[in-house]
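The listed protein sequences derive, respectively, from chains A and B. Under the working numbering, think of the first position of the first sequence as 6, with each following residue one higher. Under the working numbering, think of the first position of the second sequence as 6, with each following residue one higher. For every residue, glycine included, the Cβ atom is placed at its ideal position computed from N, Cα and C.
2 protein chains.
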Amino acid sequence: MIHNERLVRACRRQEVDRAPVWMMRQAGRYLAEYRDIRARIPFLELCKTPELAARVSLQPYEILGVDAVILFSDILIPAQAMGMDLTLSEKGPQLGDPVREMDRVKKLRIPDPSDSTPFVLDTIRILRGELHDEVPLIGFAGAPFTLATYMIEGGTSRNFAEVKRLMHREPKTMHALLAKIAEATIPYLNSQIEAGVHVIQLFDTWAGELSPGNYCEFALPYQQQVFQSLHRGPEGLGVPAILYVNECAAILEMMAESGANVLSIDWRINLDDARLRIGDKLALQGNLDPGALLGTVESISGQAEEMLRRGGDIGYVANLGHGILPMTPVENARAFVETVKKGIKEAA
Amino acid sequence: MIHNERLVRACRRQEVDRAPVWMMRQAGRYLAEYRDIRARIPFLELCKTPELAARVSLQPYEILGVDAVILFSDILIPAQAMGMDLTLSEKGPQLGDPVREMDRVKKLRIPDPSDSTPFVLDTIRILRGELHDEVPLIGFAGAPFTLATYMIEGGTSRNFAEVKRLMHREPKTMHALLAKIAEATIPYLNSQIEAGVHVIQLFDTWAGELSPGNYCEFALPYQQQVFQSLHRGPEGLGVPAILYVNECAAILEMMAESGANVLSIDWRINLDDARLRIGDKLALQGNLDPGALLGTVESISGQAEEMLRRGGDIGYVANLGHGILPMTPVENARAFVETVKKGIKEAA
């Protein structure tokens, strides 16, 4: 049904002629065309204006020829829908009145996505219309733990002190918050599937900040709950699900129990080592260091080729190990995409 | 010769009655006695005033009864001695005129520690005098890669964009910088050994930001060069050397090739898993999440006990997985230290 179905096939570990490629945060500031639109409209307003959100979603597909389009949005949109006051500025995202006690958790809403975030669904519908089934469309959400870090800290954090304080002093409150976010995330993702996304990615970006024991208690069960509750058809054959965790080297085996079809890993561990550890049931996505895209076209090709060799032929999606950096020259992003599309000649 | 020699014995994998315990950044803001002194004197001046630097070095030993004293200083002191302009403020450290090209590397000096950093040696001599061989004294330095990150970025960094740019666009310049830092670090650490420290810790805090391939090229060889060139007597029996890397889960086997006697690991990987991977030649240090010290006395005891079980009886130094956080209640730091000193009753 989709013309270029490399991404969905690779997620299902079906044969492909070459690895599919896309980049986390591929619709972003490194593109002049994106900056042009952002010069006219603030970030949050862009997320909530379906015609423009669809426009920037399509830019990396039109400019770089990636194998998938990801919905342009922000993982904090559901936090706002749950009742938090969200502002985005040069200093990063800020959530007012952070959640640090049970009463505050109880005040959070479980929103109906068609009422609270209709713009997300409209963006998906526009994208499906404009894409004419050329490439798959990826929907996404933040995982409960990662969303909770923002809701507790009130923004980004370097050491997650408030998160750790709540986790270790008030584990019941932490679990209540995580359960409530999971409860909101499930209909949010299901509404995206109903509106037409082909693949789902769950971003548990900061779960790699946890010890293995804490990951097992505070992140994994909520990932499992989300993946189990998605309307994604027969296992791996409906809408494949990708789980991304940054700094995941020590917890791969646990991530493999999440229910995801694909593990999206960071650059601190080699793809072939990750494959040895998780076996052949799941696909892998990743994992070039986004900082490597600040090199030369030659250095990028060399590193992307090594990545492809380590990624292998089956069940592999080429990507970065984290979002593309805003200062990345667009010709460097192009060198990455082109290297993957050219593929590697396997030495005999 | 040292009354409490648990730390040096554990580093050498010799038998001990219980694990020795100290905490990275144990002389710091979480102690009211430290804040009292800092209220009167800026940080850098404190580092350079031997009587006061010795005073704050001793505080955690006197207040918490840790099993080792670490020299109070800063890893950027040698960067300043190499000719960089260093200021420390609320915004963190700032190094003027960052190093991003070969000419700038060439201008850096290889200082003689007795001329450029005599205050470090005086602090060590005072500490040896006041300690009366009660507990071991730890000296330290930043490893070449980690020091280079500050010298290239001009301070701390979230994504190390300038470091990655230099590494991938101008690898020769990067290697020249790393070699020069190594050349300065060797006499710096040897001067500390001659002045009387019993153990050396090399902080390659940010080397875990690198892919395994980049770690192998840009961090490991310079760690090896430093460890090989230290006057630390017969292997492991003179001055034991500890290597700390944050986010080290994927590179433990390479760290084990550094020449260190002890690997100091972060909390993202369990100690027993790390031990399985590196075998029984090296000791391990770590690795409680510093964020866990924001919990309750009960939660801290429980997690410290689990850490001790995973650490094992031989070749294990109890510590945190990163520096103690400034907002840590002192009674929580005490609960950590006391739990280690009480030890665990092994279940039959």
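Alpha-carbon spacing of residue i relative to residue j, whole angstroms
i: SER269 (chain B); j: ALA340 (chain B); result: 21 angstroms
i: PRO226 (chain B); j: SER263 (chain B); result: 8 angstroms
i: PHE223 (chain A); j: LYS177 (chain A); result: 11 angstroms
i: SER196 (chain A); j: GLN308 (chain B); result: 40 angstroms
i: VAL250 (chain B); j: TYR66 (chain A); result: 39 angstroms
i: ILE247 (chain B); j: GLN31 (chain A); result: 41 angstroms
i: GLY296 (chain A); j: ASP138 (chain B); result: 47 angstroms
i: GLU56 (chain B); j: PHE77 (chain B); result: 11 angstroms
i: PHE208 (chain A); j: LYS185 (chain A); result: 17 angstroms
i: ALA353 (chain A); j: LEU281 (chain A); result: Reliability of the predicted coordinates at ALA353 (chain A) is poor, the pLDDT of 43 falling under 50, and the value obtained from them is presented with this limitation in mind. Approximately 22 angstroms, taken between the alpha carbons.
i: GLU167 (chain B); j: HIS236 (chain A); result: 44 angstroms
i: LEU171 (chain B); j: GLN19 (chain B); result: 43 angstroms
i: LYS53 (chain A); j: ILE129 (chain A); result: 12 angstroms
i: ASN219 (chain A); j: LEU257 (chain B); result: 21 angstroms
i: LEU113 (chain A); j: LEU194 (chain A); result: 18 angstroms
i: ASN164 (chain B); j: GLY97 (chain A); result: 15 angstroms
i: ASP117 (chain A); j: ASN324 (chain A); result: 32 angstroms
i: THR154 (chain A); j: THR161 (chain A); result: 8 angstroms
i: LEU299 (chain B); j: GLU175 (chain A); result: 11 angstroms
i: GLY238 (chain B); j: MET312 (chain A); result: 42 angstroms
i: GLY159 (chain B); j: GLY213 (chain B); result: 19 angstroms
i: ASP79 (chain A); j: GLN99 (chain A); result: 13 angstroms
i: LEU152 (chain B); j: GLY144 (chain A); result: 41 angstroms
i: PRO331 (chain B); j: ARG23 (chain B); result: 28 angstroms
i: ASP41 (chain A); j: PRO47 (chain A); result: 12 angstroms
i: ILE198 (chain B); j: ALA181 (chain B); result: 26 angstroms
i: ILE283 (chain A); j: GLN229 (chain A); result: 17 angstroms
Proximal residues to residue i (C-beta, below 7 angstroms), its chain only, five neighbours per side dropped
i: ASP3 (chain A); result: Chain A is shown from 6 up to 353; residue 3 (chain A) falls before or after that span and cannot be answered.
i: LEU69 (chain B); result: ALA338, ARG339, VAL342
i: TYR39 (chain A); result: ALA32, GLY33, VAL61, GLN64
i: SER121 (chain B); result: ALA86
Cβ neighbours of residue i in the same chain (closer than 6 angstroms, five flanking residues each side left out)
i: GLY328 (chain A); result: MET29, ARG30
i: LEU49 (chain B); result: LEU93
i: ILE115 (chain A); result: GLU188, ALA189
i: PRO149 (chain B); result: LEU183, ILE186, ALA187, TYR227
i: ALA254 (chain B); result: ARG273, ILE274
i: PHE124 (chain B); result: LYS53, PRO55
i: ALA320 (chain B); result: Checking the sequence shown, residue 320 (chain B) turns out to be Gly, not Ala. The residues are ARG18, ALA288.
i: ARG133 (chain A); result: GLY201
i: ILE131 (chain B); result: PRO55, ALA59
i: PRO141 (chain A); result: ILE7, LEU12, VAL13, ALA73, HIS203, VAL204
i: ARG315 (chain A); result: ASN275, LEU276, ASP277
i: GLY1 (chain B); result: Lying outside 6 to 353, the shown extent of chain B, residue 1 (chain B) is not represented and no answer is given.
Residues that DSSP places opposite residue i in a beta bridge
i: VAL1 (chain A); result: For chain A, the structure presents residues 6 to 353; residue 1 (chain A) sits outside this window and is missing.
i: THR5 (chain A); result: No answer is possible for residue 5 (chain A): it lies beyond the span of chain A, which begins at 6 and ends at 353.
i: GLN206 (chain A); result: A:PHE145, A:ILE247
i: SER269 (chain B); result: B:TYR249, B:GLN290
i: ILE115 (chain A); result: Partner(s): none; ILE115 (chain A) has no beta bridge.
i: ILE75 (chain A); result: A:ILE143
i: GLY160 (chain A); result: A:GLN99
Boundaries (first-last residue) of the alpha helix (DSSP H) holding residue i
i: VAL231 (chain A); result: 225 to 233
i: MET260 (chain B); result: 257 to 260
i: PRO123 (chain B); result: 123 to 136
i: MET87 (chain A); result: No alpha helix (DSSP H) contains MET87 (chain A), which DSSP labels as neither H nor E.
i: HIS8 (chain A); result: From DSSP, HIS8 (chain A) is part of no alpha helix (DSSP H); its letter is neither H nor E.
i: SER196 (chain B); result: 176 to 200
i: LYS346 (chain B); result: 335 to 347
i: ASN274 (chain B); result: A small fix is needed here, since residue 274 (chain B) is Ile in this sequence, not Asn. Per DSSP, ILE274 (chain B) belongs to no alpha helix (DSSP H) and is neither H nor E.
Residue i: CB within 7 angstroms of a non-hydrogen atom of the ligand FAD
i: GLY97 (chain B); result: This structure lacks the ligand FAD; in fact it carries no ligand of any kind.
Own chain partners of residue i with C-beta closer than 8 angstroms, once the 5 adjacent residues on each side are dropped
i: ASP90 (chain A); result: LEU100, GLY101, ASP102
i: GLU252 (chain A); result: GLY213, GLU214, ASP271, ARG273
i: TYR35 (chain A); result: ILE329, LEU330, PRO331, MET332, THR333, PRO334, VAL335, ALA338
Going along the chain, which unbroken runs of the alpha helix (DSSP H) with 4 or more residues stay wholly within the segment 300 to 326 of chain A? Correct list: 302 to 316.
Only counting runs of 4 or more residues, tell me where the alpha helix (DSSP H) segments fall wholly within the segment 13 to 67 of chain B, in order along the chain. Listed in chain order, the complete alpha helix (DSSP H) runs (minimum 4 residues) inside the segment 13 to 67 of chain B are 37 to 43, 48 to 52.
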